[in-house]
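One structure is given below, encoded as structure tokens.
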Amino acid sequence: MKKMISTILAVLLFSFGVISVSASSNDLGKEVLQPKDGWASFGNGTTGGSKADENHIFTVTNKSELIEALGGDNKSNGKNDQPKIIYVEGTIDFNVDENNNPIGPEYYAEGTGYDFEEYLKAYNPETWGYKKEVEGELEDARAKAQKKQKEQIVINIGSNTTIIGIGNDAKIIGGSLNMSGVENIIIRNIEFEAPRDFFPQWDPTDGDYGEWNSEYDNISITNNTENVWIDHCTFTDGENTDSSFGKYFGRTYQQHDGLLDVTNGASYVTISYNKFEDHDKVMLIGSSDSKTTDRDRLKVTIHHNYFKDLTQRLPRVRYGEVHIYNNYYEFTNDSEYLFDYAFGVGAESKIYAENNYFNFDYNVDPSHIIRYWKGTSIYEDGSFVNGKGKGSKVDLVKAHNEGNDVQLDENVGWKPSLYTKIHPTQAIPAIVKTKAGVGKIN
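Reading the sequence shown from the start, the letters are residues -23 to -1, 1 to 419 in mature numbering (1 follows the signal peptide of the UniProt record, and there is no 0).
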């Protein structure tokens, strides 16, 4: 474990094999979400681990040290509400064993009976068909291997925690941070490379031709978790883009799920100044149309984020009151990820979108920016599509209604009050490209 950089006082207290350090008063790890900065400022606000004593401020350089700093046992760390600040230095790979040795599909499959080639033979649609879900010994073996991977790469975060990267190269690859039934968490200045599910499930009943479905989000905020601030992080598929996985049964062998999902009654979340790049399904808010207990929950603010070369869910929303403002959406010819839609209007969703900027290198009809997903309403104002000046302003709800059979209204039943400054739309590309993502926290 390395000592903190010069902003950290030289008080080193060894605890459980990780170094505890004392932070200076102006250190980024002590920063809290400012008043009115989105839904995460609701109630007592979001302060993370800012009240940590000097015995609970750590620097970590690998997964084992991260688990130790979070409480010492990944199975119970989610219940550890001791205030703590954890600084991430360098790259942390989650696909490692307890001794931090790299592990992969062979390690997880060992002893489960899983064999990919046999799996393909057993569930080939030419013999299995498309009318029933897969089942049997090989599917059970796949599930066992997937469970073994999950135990290694899903890391549980307890309440009153700040996790922040040092400098501009802090990175977590192949892992998922899970916040379940907790509160008051801050994640800042870390690059996340999307985790790969080495054992996706074939579902022949998904759509007309079946799909490979995977697990693991980079960040999962779920099960009534409250007051979370995700700020100045970068999320990407990195070198493991979807096309690199190939196709089986004519469908992409999908090993990625979401980047940042808010589900199952979680609420009071602010997502600010992050960069999301090169991914398919980006952000899901609300997991099921039938989960009516999500009413009056899923309150999320999304502002000043840089969405670049993504396909869908920017975000897709069910039930929640979601304020989306001052985000920059850019889609270039160089990416394999082609745009499908941005705002998914799901069951009882209440999206309030203001002053967002969309820039496409290729032709996209503005009627495709909003997608109907069984919702009825979305408020939108001030969006620009391709270019600068008043001529670029587009009424996205009107564009949707003119280009689609289902008509949406703008009566969402609420108006945001928790925000600081909303910038004019024409200023957004320069502001967001300059300030969003890792290494730009100042």
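Beta carbons: idealized from backbone N, C-alpha and C, even for Gly. Only a predicted model underlies this, so the values are computations on that prediction, with no experimental measurement involved.
inquiry  = Ala319 and Ile275 - do their beta-carbons sit closer together than 8 Å?
reply    = Within the sequence shown, residue 275 is the residue found at index 298, counting from 1. Within the sequence shown, residue 319 is the residue found at index 342, counting from 1. First, the residue type needs correcting, since residue 275 is Leu and not Ile in the sequence shown. No, the pair does not count as a contact, with Cβ atoms beyond the cut-off.
task = Spatial neighbours of Phe169 within its chain, please: CB distance less than 6 Å, with the 5 preceding and 5 following residues excluded, ordered by chain position.
result = Counted from its first residue, the sequence shown places residue 169 at position 192. Correct list, in chain order: Ile149, Asn195 and Phe212.
ask   = My guess is that His280 and Tyr314 are in contact by the Cβ rule of under 8 Å, so how many angstroms apart are they, rounded?
value = On the sequence shown, residue 280 is found 303 positions in, with the first residue counted as 1. On the sequence shown, residue 314 is found 337 positions in, with the first residue counted as 1. So it is not a contact: roughly 23 Å between Cβ atoms.
ask   = So, are the CB atoms of Gly26 and Asn137 less than 8 Å apart?
value = Against the sequence shown, residue 26 aligns to sequence position 49. Against the sequence shown, residue 137 aligns to sequence position 160. Going by C-beta atoms, Gly26 is nearer than 8 Å to Asn137.
Supposed contact pair Asp286 and Asp255 - C-beta distance, whole angstroms, cut 8 Å = The residue given as residue 255 occupies position 278 in the sequence shown. The residue given as residue 286 occupies position 309 in the sequence shown. Contact holds; Cβ gap of about 5 Å.
query = Tell me the DSSP bridge mates of Asn336?
reply = Position 359 of the sequence shown, counted from the start, is the residue given in the question as residue 336. Bridge partners of Asn336: Glu307.
query = Tell me which same chain residues have a C-beta within less than 6 Å of the C-beta of Tyr100, skipping the five on either side of it?
reply = Counting from 1 along the sequence shown, the entry for residue 100 is found at position 123. Around Tyr100: Val111 and Trp179.
request  = Decide if Gln384 is buried, meaning its Cβ has at least 16 other Cβ atoms within 10 Å, or exposed.
outcome  = Counted from its first residue, the sequence shown places residue 384 at position 407. Taking a 10 Å sphere around the C-beta of Gln384, we find fewer than 16 other C-beta atoms and assign the residue as exposed.
task = For Tyr250, I'd like the list of residues in its chain whose CB is within less than 6 Å of its CB, leaving aside the five on either flank, ordered along the chain.
result = By 1-based counting over the sequence shown, the position of residue 250 is 273. Here the set comprises Asp208, His209, His281, Lys412 and Ala413.
query = In terms of residues, what are the limits of the beta strand (DSSP E) holding Thr288?
reply = Translated into the one-based positions of the sequence shown, residue 288 becomes position 311. Residues Tyr283 to Gln289.
Alpha-carbon to alpha-carbon, Pro12 and Met156 = As a working note, residue 156 is residue 179 in the sequence shown. As a working note, residue 12 is residue 35 in the sequence shown. About 23 Å.
ask   = Who are the near neighbours of Ile164 in its chain, counting only those whose CB is closer than 6 Å to its CB and skipping five residues on each side?
value = Position 187 of the sequence shown, counted from the start, is the residue given in the question as residue 164. Here the set comprises Ile140 and Ile207.
ask   = Which residues in the same chain as Ser312 place their Cβ atom closer than 7 Å to its Cβ, once the five residues preceding and following it in sequence are excluded?
value = Translated into positions along the sequence shown, residue 312 becomes position 335. Setting aside the 5 residues that flank it on each side, Ser312 is surrounded in the same chain by Asp255 and Asp286, each with a C-beta closer than 7 Å to its C-beta; the list follows chain order.
query = When you compare each of Phe308, Ile130 and Ser244 to Glu203 by their alpha carbons, which one comes out closest?
reply = As a working mapping, residue 203 is identified with position 226 in the sequence shown. The candidate whose alpha carbon is nearest that of Glu203 is Ser244.
Delimiting residues of the alpha helix (DSSP H) encompassing Asp208 = In the sequence shown, counting from the first residue as 1, residue 208 sits at position 231. Element bounds for Asp208: not the alpha helix (DSSP H) but the beta strand (DSSP E), Glu203 to Asp208.
Start-to-end residues for the alpha helix (DSSP H) that takes in Ser41 = One-based indexing of the sequence shown puts residue 41 at position 64. Under the DSSP assignment, Ser41 falls in the alpha helix (DSSP H) whose first and last residues are Lys40 to Leu47.
inquiry  = Alpha carbons only, please: which of Ile69, Asn190, Ile80 and Pro181 is nearest the one belonging to Ala120?
reply    = Taking the sequence shown and counting its residues from 1, the one referred to as residue 120 is at position 143. Among Ile69, Asn190, Ile80 and Pro181, the Cα nearest to that of Ala120 is on Asn190.
ask   = Can you tell which of Ile198, Gly106, Lys28 and Ile130 has its C-alpha closest to the C-alpha of Ile44?
value = Counted from its first residue, the sequence shown places residue 44 at position 67. Comparing Cα positions, the closest option is Ile130.
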